[in-house]
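Report on the following structure.
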Amino acid sequence: MDDPVLLTGAGGAVGEAILEGLEEDYYWKLMFHNPPAEQPNHEYLIGDVDNPEDARRAVEGVGAVIHLAGDPRPEAPWDSVLANNIDGTQKMYEAAIEEGVEKFIFASSNHAVGSFETDQRTPEMYRPDDDFRLDGSEFPRPGNLYGVSKATGEVLGRYYHDEHGIKVCNIRIGNLTRGHPPIDYERGQAMWLSYPDCAHIHQCALEADYEFEIVYGISDNDRKYYSIDRAKEVLNYRPQDNSAHFEGDERVVEPDV
Ligand SMILES: NC(=O)C1=CN([C@@H]2O[C@H](COP(=O)(O)OP(=O)(O)OC[C@H]3O[C@@H](n4cnc5c(N)ncnc54)[C@H](O)[C@@H]3O)[C@@H](O)[C@H]2O)C=CC1
Ligand SMILES: O=C1O[C@H](COP(=O)(O)O)[C@@H](O)[C@H](O)[C@H]1O
1 MDDPVLLTGA
11 GGAVGEAILE
21 GLEEDYYWKL
31 MFHNPPAEQP
41 NHEYLIGDVD
51 NPEDARRAVE
61 GVGAVIHLAG
71 DPRPEAPWDS
81 VLANNIDGTQ
91 KMYEAAIEEG
101 VEKFIFASSN
111 HAVGSFETDQ
121 RTPEMYRPDD
131 DFRLDGSEFP
141 RPGNLYGVSK
151 ATGEVLGRYY
161 HDEHGIKVCN
171 IRIGNLTRGH
181 PPIDYERGQA
191 MWLSYPDCAH
201 IHQCALEADY
211 EFEIVYGISD
221 NDRKYYSIDR
231 AKEVLNYRPQ
241 DNSAHFEGDE
251 RVVEPDV
């Protein structure tokens, strides 16, 4: 991607991971909801993704959008996910189509499929010897209204791709934590996404050739119930991390990079 890349939600955790890994690799345009504490090193704007004029200013001159902005709380109430996640994503797609943006990468979530984690399957599905896998071809099964908003974002992408041709990659992000996987949380270890792998999968989505995709954004954990085969095949995703390589917060196996 030679054109500028818009990063919405740039002040959040996922934005931080992406910028840490890819700061030098793209001409970034950052979108913040509130003025950032420190002066960014890149072009930026302050705006609300749910405001059509802010969305239009945000996409001006960019070739790709990484859309992270939204309410990330699994317990977020309907009013918030409706405005920030659903309406906000629709406004960003409308603006992107109007601008002729080539690619739209959407931060979807494990919570779009949270209800696959039934009492019958858990906690076994979180363990390395269990072979249950979701691969992105399944219909969403959200376990909360936040998950409904993420599934809706994916479907908005389906519509804007089919009717307007924009290339869309939905990344169902697992559990992003810095430095080491979640401790004493099997589910979180099974869907861990390290900071370097988070940056890498977004770079893969910016560079690969595809039409419409739904992939899982997790590291190559021994414990997993999300397949990363599609991300490997279509995006050439090659994660370096694995939650099994940690004991608590200590790394016991070095990444093979
Ligand atoms: N952190 C994680 O493990 C996961 C994150 N995600 C998704 O990734 C995205 C980013 O998540 P995080 O960085 O963790 O969240 P965060 O809360 O750290 O960052 C989200 C950013 O979006 C901005 N924002 C919220 N509403 C906005 C609006 N209406 N207009 C403009 N900006 C707005 C906020 O100011 C914030 O800086 C979210 O969409 C979240 O649902 C999905 C799965 C896992
Ligand atoms: O989508 C998200 O998922 C992660 C992981 O979910 P959790 O239920 O295991 O915490 C969550 O931490 C993050 O806030 C959310 O945006």
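For the sequence shown, counting from 1, position 175 maps to 175 in UniProt numbering; every step adds exactly one.
The C-beta atom is built at its ideal place from N, Cα and C for all residues, glycine as well.
Since this is a predicted model, take the numbers as computed values, not measurements.
{"Item": "heavy atom of ligand 1 below 7 Å from GLY248 C-beta", "Value": "no"}
{"Item": "Cα-Cα separation between GLY9 and MET31, rounded to whole angstroms", "Value": "6 Å"}
{"Item": "Continuous alpha helix (DSSP H) assignments of at least 4 residues falling wholly in the segment 133 to 209", "Value": "145 to 164, 186 to 190, 195 to 207"}
{"Item": "Proximity winner among GLY47, PHE246, HIS245, ASP241, relative to VAL257 (alpha-carbon distances)", "Value": "ASP241"}
{"Item": "Beta-carbon proximity list for HIS180, same chain, < 8 Å, skipping 5 on both sides", "Value": "PHE246, GLY248, ASP249, GLU250, ARG251"}
{"Item": "C-beta neighbour in chain C for TYR225, strict 8 Å", "Value": "Looking for chain C here will not work: only one protein chain is present."}
{"Item": "Straight-line Cα distance separating ASP222 from ASP129", "Value": "9 Å"}
{"Item": "LYS167 to PRO123 span [Cα, whole Å]", "Value": "36 Å"}
{"Item": "Start and end residues, beta strand (DSSP E) containing THR215", "Value": "As written in the sequence, residue 215 is Val, which differs from the Thr given in the question. Note, VAL215: beta strand (DSSP E), 212 to 217."}
{"Item": "Which of helix, strand or coil DSSP assigns to LYS29", "Value": "strand"}
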